[in-house]
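Numbering follows the UniProt record's numbering, with no gaps: position 42 of the sequence shown is 42.
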Amino acid sequence: MADKKIVFIAFAIEDERQRDFLKGQSLHPHQPFEFIDMSVKEPYDIGWKDKVRTRIKRSDGVIVLVSKNSKDSTGQKWEIECAKEEGKKIKGIWAYKDDRTAIADVTTVEWSDTNINAFVDSL
Numbered sequence: 001m002a003d004k005k006i007v008f009i010a011f012a013i014e015d016e017r018q019r020d021f022l023k024g025q026s027l028h029p030h031q032p033f034e035f036i037d038m039s040v041k042e043p044y045d046i047g048w049k050d051k052v053r054t055r056i057k058r059s060d061g062v063i064v065l066v067s068k069n070s071k072d073s074t075g076q077k078w079e080i081e082c083a084k085e086e087g088k089k090i091k092g093i094w095a096y097k098d099d100r101t102a103i104a105d106v107t108t109v110e111w112s113d114t115n116i117n118a119f120v121d122s123l
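Shown next as structure tokens:
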């Protein structure tokens, strides 16, 4: 089996539960990927951006959990910009079935195993 792909998850803290569900998908023993993120409950300290950039650099790609909360999430916006600066492939996944929020320059698709696996396979 090939090495596991590392996928960074960018999400608004209000969508932490959806992030947990997404991370759960990578726990299946035959999944060829693992998810990482930099969730913070405290205000961003001075070294947060450096730590995030390091994790994004080490990742093979970035999944953005997109919801209405994304519009006000400065941390998520910064993570997306960082991923673009680092030349990472980015795919948006709608966090909720009834929320089709759009983020500029992020192609977003429905949350499904097929869509997630297709993105990981493209990395």
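A virtual CB, placed ideally from N, CA and C, is assigned to each residue, including glycine.
Judging by CA-CA distance, which residue of the options is the nearest neighbour of residue i?
i	options	result
Lys91	Lys97, Asp60, Arg17 and Gln25	Asp60
Arg53	Gln76, Asp3 and Lys71	Gln76
Ala83	Gln18, Glu14, Lys4 and Lys49	Lys49
Arg19	Trp111, Arg55 and Ile103	Trp111
Tyr96	Val106, Glu14 and Thr74	Glu14
Looking at the strands, I want to know which residues DSSP matches up with residue i.
i	result
Trp111	Answer is none; Trp111 lacks a bridge partner.
Ala10	Val64
Can you tell me where the alpha helix (DSSP H) holding residue i begins and where it ends?
i	result
Phe21	Glu16 to Gln25
Do residue i and residue j have their C-beta atoms within less than 7 Å of each other?
i	j	result
Thr114	Val66	no
Ile63	Ile9	yes
Ser70	Ala118	no
Lys51	Thr101	no
Ile116	Glu86	no
What ranges does the alpha helix (DSSP H) occupy inside the stretch 47 to 121, keeping only unbroken runs of at least 4 residues that lie completely in it?
48 to 58 and 74 to 85
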